[in-house]
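Protein chains in written order, with full-length UniProt numbering: chain A, 1 to 356; chain B, 1 to 356.
Built from N, CA and C at the ideal position, the CB exists for glycine as well.
Below: one structure, written as structure tokens.
Number of protein chains: 2
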Amino acid sequence: MPNHKPTAAASPDIPEGATAPAKRLRGGPKGLRITDVATQAGVAPITVSRVFNSPETVAPETLERVRQVVQKLGYVPNRLAGGLSSSRSRLIAAIVPTIAHSLFSETIQVFSETMSRAGYQVLLALSGYSDSSEEALLDAVLSRRPEGVLLTGVAHADSLRERLLNVGMPIVETWDMTGTPIDMLVGFSHYQVGVAVAEHFLARNVRAPGLVSANDDRALARRDGFRERLAQAGINGIAEVLVSPPSSVAAGKAALPALIEQAPNLDAVFCGSDLLAIGVLGAAKRMSMNVPSQLSICGFGDLEFATETTPQLTTVRVDGTRIGLTAARCLLDRLAGVDKTRVTDVGFHIVERETT
Amino acid sequence: MPNHKPTAAASPDIPEGATAPAKRLRGGPKGLRITDVATQAGVAPITVSRVFNSPETVAPETLERVRQVVQKLGYVPNRLAGGLSSSRSRLIAAIVPTIAHSLFSETIQVFSETMSRAGYQVLLALSGYSDSSEEALLDAVLSRRPEGVLLTGVAHADSLRERLLNVGMPIVETWDMTGTPIDMLVGFSHYQVGVAVAEHFLARNVRAPGLVSANDDRALARRDGFRERLAQAGINGIAEVLVSPPSSVAAGKAALPALIEQAPNLDAVFCGSDLLAIGVLGAAKRMSMNVPSQLSICGFGDLEFATETTPQLTTVRVDGTRIGLTAARCLLDRLAGVDKTRVTDVGFHIVERETT
DNA sequence: CTGAAAGCGCTTACAG
DNA sequence: CTGAAAGCGCTTACAG
Numbered sequence: 001m002p003n004h005k006p007t008a009a010a011s012p013d014i015p016e017g018a019t020a021p022a023k024r025l026r027g028g029p030k031g032l033r034i035t036d037v038a039t040q041a042g043v044a045p046i047t048v049s050r051v052f053n054s055p056e057t058v059a060p061e062t063l064e065r066v067r068q069v070v071q072k073l074g075y076v077p078n079r080l081a082g083g084l085s086s087s088r089s090r091l092i093a094a095i096v097p098t099i100a101h102s103l104f105s106e107t108i109q110v111f112s113e114t115m116s117r118a119g120y121q122v123l124l125a126l127s128g129y130s131d132s133s134e135e136a137l138l139d140a141v142l143s144r145r146p147e148g149v150l151l152t153g154v155a156h157a158d159s160l161r162e163r164l165l166n167v168g169m170p171i172v173e174t175w176d177m178t179g180t181p182i183d184m185l186v187g188f189s190h191y192q193v194g195v196a197v198a199e200h201f202l203a204r205n206v207r208a209p210g211l212v213s214a215n216d217d218r219a220l221a222r223r224d225g226f227r228e229r230l231a232q233a234g235i236n237g238i239a240e241v242l243v244s245p246p247s248s249v250a251a252g253k254a255a256l257p258a259l260i261e262q263a264p265n266l267d268a269v270f271c272g273s274d275l276l277a278i279g280v281l282g283a284a285k286r287m288s289m290n291v292p293s294q295l296s297i298c299g300f301g302d303l304e305f306a307t308e309t310t311p312q313l314t315t316v317r318v319d320g321t322r323i324g325l326t327a328a329r330c331l332l333d334r335l336a337g338v339d340k341t342r343v344t345d346v347g348f349h350i351v352e353r354e355t356t
Numbered sequence: 001m002p003n004h005k006p007t008a009a010a011s012p013d014i015p016e017g018a019t020a021p022a023k024r025l026r027g028g029p030k031g032l033r034i035t036d037v038a039t040q041a042g043v044a045p046i047t048v049s050r051v052f053n054s055p056e057t058v059a060p061e062t063l064e065r066v067r068q069v070v071q072k073l074g075y076v077p078n079r080l081a082g083g084l085s086s087s088r089s090r091l092i093a094a095i096v097p098t099i100a101h102s103l104f105s106e107t108i109q110v111f112s113e114t115m116s117r118a119g120y121q122v123l124l125a126l127s128g129y130s131d132s133s134e135e136a137l138l139d140a141v142l143s144r145r146p147e148g149v150l151l152t153g154v155a156h157a158d159s160l161r162e163r164l165l166n167v168g169m170p171i172v173e174t175w176d177m178t179g180t181p182i183d184m185l186v187g188f189s190h191y192q193v194g195v196a197v198a199e200h201f202l203a204r205n206v207r208a209p210g211l212v213s214a215n216d217d218r219a220l221a222r223r224d225g226f227r228e229r230l231a232q233a234g235i236n237g238i239a240e241v242l243v244s245p246p247s248s249v250a251a252g253k254a255a256l257p258a259l260i261e262q263a264p265n266l267d268a269v270f271c272g273s274d275l276l277a278i279g280v281l282g283a284a285k286r287m288s289m290n291v292p293s294q295l296s297i298c299g300f301g302d303l304e305f306a307t308e309t310t311p312q313l314t315t316v317r318v319d320g321t322r323i324g325l326t327a328a329r330c331l332l333d334r335l336a337g338v339d340k341t342r343v344t345d346v347g348f349h350i351v352e353r354e355t356t
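Here you go:
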């Protein structure tokens, strides 16, 4: 027979005349609490807590007994309470511009899987591509007291950087590169992508390259690398069309005529995404321009289908899965007290498919 | 001058000889608390709380004064504490098999945007396609005490259904249809998709259709509808290849020869996803089979690029954005106390592109 | 419109 | 290996 708690036996024996200060009730019973389990198992609440948080410190028989009660009652600990009490929320925030049709989704997928295997849960925060309400978003995120944060891109606004520098929790910036990370960083240089694509075009003796891309931070960095490398080769005044995110096939289609208007001799286009590249390809076909002989097209993102359906396109591949996994490991190491490599450059590859 | 709290003035005047029961400290100061703001603003903590939660009940001047202190100090309320105290976590859980390369990502995107506009945050839980650890996943989710749950698919395992029926929080099942939803439902019938694709093929006088798909619940429901409708038309013993998720172009490529081995006269394939369809299309090309004249191919998902790059393919379109928006509204209405329509069938469309 | 007290359900920090 | 007490940072439920 388990040892009974003395207090558990002495239930309603408060003297009639006692001046108990009229206990205020806060709503009805909301569910099972740790004390319910403790009472049934004949242990103190702290022992039930240990069964969940440090089972190795509990005697095997006690462990078994408590677990059976937990199972029987269907008790699920309240982590709001647990987190408040322990200052360990077991929550990680992931701040992403968007997950729809995006390269980031596989990063978040792996990141989330890895974190949850380690006992953390992911709070998803979509920032959109506008910086407008990023302050509010950060407030919302920080109000949950996450133990770590994954950012997509490097923090742009100074006010955000400032705040994040001061929160004192592990932070990984991803999908970009900078010399001044807030904390840890897993990504690659979009500027260098632009340079590499420029060199790819130059090697093909392109004369009048143009560019179509969304006007977000990273796409603009690629543009800058592209432009500056071409300028070194004496090519200036590049035709350019910027579209607002999300980029789409339709936007790519519309862009080609606009580019040709700016540069009638256009013979190459660097696109901010594979969807844009497919749009440009479609428009080129309709204008009877041969790709790639008359018009070289390079996308970005290396969508899975593209290899099969559009072998005329060159594209840039980034290993989003590796970014997610590495970012998760960085955070986990840091949370475990290990001082982790701060910057990881995962690089990128230009994927030139067989020319048709 | 703001009215000072009496207690705020009387700081360290406890008599030396007092037998104060050795206050135990729990770690150092972890950050700003509501009392820090209250003290600086010369109000009670509860007033600061009201500034955040019911500003309309606070005098304009007080409101302003408190907000300035909040701003100056950079105070962010602790929602672990707030949620524990108020039993309102302001958290919504979204349980999704996967968000990478998936149709669900746009549903989650819109769902998350809509919920966050309403002051909720989304906890992302990836269930994978295996039911193995779904119990553990649900425990993790419920431990956060979300105020609502979005499920992808209808709950399969009885034990899960049982638990969800009893948690007493609003639940929306999505992306599927059933006569016995747990609570609310926004989706469509995968079985009917299969029926519709069968009819599409029958209208084209197909004789020997086959099927390749992942072996998840919903894909199998499509298969069943497909099979049974064909059986009604006297077509039985359909060639079939099941692949494990995630489905891919490569899996589609590998499937076609396997299908032809089962059915040498194969003249149509219903694919579980557009990626599989692209793979089958690629394999057909390599085998010099004309699509669609020799081989009809139907995908599922209507990926954006496909319209442009693979006009030979037919596919099935579902409005994932609408599912996400509707699901969010259902939950929000319910949270606001409105009794909401329980079942919404968003339907689907067979998209037949111009035949090349 | 504002506040003092009590309580939300856990875990820390001791103590045995 | 186990437990009693105190505290985590808020909000509820009154009271004025």
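Give the range of the beta strand (DSSP E) segment to which residue i is assigned.
i: Thr174/A; result: 171-174
i: Met184/A; result: 184-187
i: residue 359/B; result: As shown, chain B starts at 1 and ends at 356. That puts residue 359/B outside it, with no answer to give.
i: Val76/B; result: Note, Val76/B: premise wrong, no beta strand (DSSP E); not H, not E.
i: Ile92/A; result: 91-96
i: Ile350/A; result: 349-352
i: Ala268/A; result: 268-271
Per DSSP, what kind of secondary structure is residue i in: helix, strand or coil?
i: Leu126/A; result: strand
i: Thr310/B; result: coil
i: Ala22/B; result: Caution applies to Ala22/B, whose pLDDT of 49 falls short of 50 and renders its modelled position unreliable; the model cannot decide the point.
i: Gly153/A; result: strand
i: His200/B; result: helix
i: residue 376/A; result: Lying outside 1 to 356, the shown extent of chain A, residue 376/A is not represented and no answer is given.
i: Asp302/A; result: coil
i: His190/B; result: helix
i: Pro209/A; result: strand
i: Gln71/A; result: helix
i: Arg342/B; result: coil
i: Gln40/A; result: helix
i: Gln232/B; result: helix
i: Gln262/B; result: helix
i: Gln86/B; result: For the sequence presented, residue 86/B should be read as Ser rather than Gln. Helix at Ser86/B.
Using only CA atoms, which one of the options lies nearest to residue i?
i: Gly347/A; options: Leu335/A, Arg317/A, Ala328/A; result: Arg317/A
i: Val122/A; options: Leu164/B, Gly168/B, Ala140/B, Arg65/B; result: Ala140/B
i: Lys340/A; options: Ser127/A, Val186/A, Ile34/A, Leu142/A; result: Val186/A
i: Tyr191/B; options: Leu138/B, Leu303/B, Leu230/B; result: Leu230/B
i: Met289/A; options: Thr57/A, Arg88/A, Phe226/A, Gln312/A; result: Gln312/A
i: Ile92/B; options: Gly83/B, Val338/B, Ile99/B; result: Gly83/B
i: Ile297/B; options: Arg145/B, Ala81/B, Glu352/B; result: Glu352/B
i: Val193/B; options: Asp345/B, Ser86/B, Arg33/B; result: Asp345/B
According to the neighbour-count rule (16 or more other Cβ atoms, all chains shown, within 10 Å of its Cβ), is residue i buried or exposed?
i: Thr152/B; result: buried
i: Arg79/B; result: buried
i: Pro55/B; result: exposed
i: Asp267/B; result: buried
i: Ser101/B; result: It should be pointed out that residue 101/B corresponds to His in this sequence rather than to Ser. His101/B is buried by the Cβ-count criterion.
i: Gly324/B; result: buried
i: Arg286/A; result: exposed
i: Leu332/B; result: buried
i: Thr35/A; result: exposed
i: Thr57/A; result: exposed
i: Ala22/A; result: Residue placement at Ala22/A cannot be trusted, given a pLDDT of 49 that sits under 50; what the coordinates show is reported in the next sentence. Exposed is the call here.
Please list the terminal residues of the continuous alpha helix (DSSP H) segment that includes residue i.
i: Thr321/B; result: 320-335
i: Ala284/B; result: 274-286
i: Val110/B; result: 104-117
i: Asp139/B; result: 134-142
Check your understanding: Which residues, in order along the UniProt domain "HTH lacI-type" (32-86) of chain B, keep a beta-carbon less than 9 angstroms from a beta-carbon of chain A?
Key -> Answer set for the UniProt domain "HTH lacI-type" (32-86) of chain B: Gly74, Val76, Pro77, Asn78, Arg79, Leu80, Ala81, Gly82, Gly83, Leu84, Ser85.
Point to revise | Members of the stretch 114-140 of chain B near chain A, C-beta cut-off 9 angstroms | key: Answer set for the stretch 114-140 of chain B: Ser116, Gly119, Gln121, Val122, Leu123, Leu124, Ala125, Leu126, Gly128, Leu137, Leu138, Asp139, Ala140.
Practice item. Taking only beta carbons into account, state which residues of the stretch 97-115 of chain A come closer than 9 angstroms to chain B, listed in chain order. Key: Taking 9 angstroms as the Cβ-Cβ cut-off against chain B, the residues of the stretch 97-115 of chain A that qualify are Thr98, Ile99, Ala100, His101, Ser102, Ser105, Glu106, Thr107, Ile108, Gln109, Val110, Ser112, Glu113.
Practice item. Could you name the residues of the stretch 279-307 of chain B whose beta carbon sits closer than 9 angstroms to any beta carbon of chain A, in the order they occur along the chain? Key: Flagged, chain order: Gly279, Leu281, Gly282, Leu303, Glu304, Phe305, Ala306, Thr307.
Review point. Residues in the stretch 140-162 of chain A with C-beta within 9 angstroms of chain B's C-beta atoms, listed in sequence order?
Key: Taking 9 angstroms as the Cβ-Cβ cut-off, the stretch 140-162 of chain A approaches chain B at Ala140, Val141, Leu142, Ser143, Arg144, Arg145, given in chain order.
Review point. Using a beta-carbon distance cut-off of less than 7 angstroms, what residues from the stretch 310-335 of chain A approach chain B?
Key: So the list reads Thr310, given in the order they occur along the chain.
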